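Right, one structure below, let's go through it.
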């Protein structure tokens with residue numbers, strides 16, 4: 001067994017108990033319409049959040065005094081007025097509580113992590129949607145020198161409780177690669193980035209998907225930050241969206257560090273009147289407030 005500190009072992013056990021397989025086997029895959037199924041979803045959320053809070057209180061102490069540890073563990077928690085993914089609402093324009101854990105092997109740049117959020121999708125009433133999205137990711141990142149950084153990896157999107165017989169399977173795997181550059185000696189320290197993500201069986205069994213994105217971040221006085229993001233999604237189409245779809249979206253974010261918290265106000269919008277998936281522009285247009293803390 002790896003030499004995890006006691007608290008980390010508790011965190012891992014809390015998220016992935018030994019009887020997890022048995023519990024899920026006794027839960028119908030039909031979704032969360034009954035109290036029993038709803039109880040499973042809520043138990044999952046409560047378990048994740050309670051574990052997150054407990055670990056958050058201990059992790060800073062566990063690694064205090066180590067300036068550059070070989071094994072770096074971190075965590076994060078946030079509240080947002082709406083969860084959007086690639087410009088599209090994932091919570092029916094409602095709020096979300098989110099959090100995650102990350103591990104990095106500092107000398108090599110190898111990393112692993114998991115992240116979760118509540119979700120609520122806009123679908124037909126006869127389809128049981130998941131209540132929780134849980135992502136698992138890993139990769140390797142590093143620097144080429146002179147301000148250039150790189151990152152390659154993969155991410156698996158898992159949706160707890162979806163009725164896969166009633167709709168296309170939401171679970172999917174993506175691989176990605178990205179490059180970044182920071183103008184450290186320039187005013188406002190501009191940081192630019194570009195990234196490509198590919199899946200051969202995208203969300204809802206919609207076939208090949210390619211997502212390309214670019215970003216620009218600026219450091220402003222008094223701990224403010226200004227960020228710009230532009231992304232283009234091109235989905236082949238399949239079970240959920242037979243004709244496929246593509247759209248261009250963008251966002252502008254103003255952020256500030258307040259004590260140990262990061263506060264963020266972001267405007268999201270699609271570029272083009274009817275480009276939002278499903279033909280409804282509202283799920284792709286929002287002003288979102290988010291507060292988060294890292295540990």
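In the UniProt record's numbering, the protein residues as written are 1 to 295. Ideal Cβ placement from N, Cα and C applies to all residues, glycine included. Quick caveat, the model's predicted, so the values are computed rather than measured.
By the 16-neighbour rule on beta-carbons within 10 angstroms, residue 267 is exposed. Taking all protein chains shown into account, residue 259 has fewer than 16 neighbouring C-beta atoms within 10 Å of its C-beta and is therefore exposed. Excluding the 5 residues flanking it on each side, residue 158 has same chain C-beta neighbours closer than 6 Å at 134 and 171, in chain order.
For residue 186, there is no enclosing beta strand (DSSP E), as DSSP marks it with neither H nor E. C-alpha of residue 149 to C-alpha of residue 223: approximately 23 Å in a straight line.
With a cut-off of 8 Å on Cβ pairs, the segment 239-247 is not in contact with the segment 95-107, counting fewer than three such pairs. With contact defined as three or more Cβ pairs closer than 8 Å, the segment 138-157 and the segment 208-224 are not in contact.
In this chain, the beta strand (DSSP E) harbouring residue 182 covers 172-182. Taken in chain order, the complete beta strand (DSSP E) segments of 3 or more residues contained in the segment 81-158 are 96-105, 110-118 and 132-145.
Approximately 16 Å separates the beta-carbon atoms of residue 177 and residue 192; this is outside 8 Å, ruling out the contact.
With a cutoff of 8 Å on beta-carbon distance, residue 80 and residue 288 are scored as near each other. Under DSSP, the beta-bridge partners assigned to residue 256 are 224 and 263. Judged by their CB atoms, residue 84 and residue 286 are nearer to each other than the 8 Å cut-off. Assignment of beta-bridge partners to residue 246 by DSSP yields 234. With respect to the C-alpha of residue 162, the residue from 139, 294 and 129 having the closest C-alpha is 129. Within 10 angstroms of the beta-carbon of residue 277 lie 16 or more other beta-carbons, which makes it buried. With respect to residue 232, residue 216 sits apart: the two C-beta atoms are not nearer than 8 Å.
With 16 or more other Cβ atoms from the protein chains shown falling within 10 Å of its own Cβ, residue 160 counts as buried.
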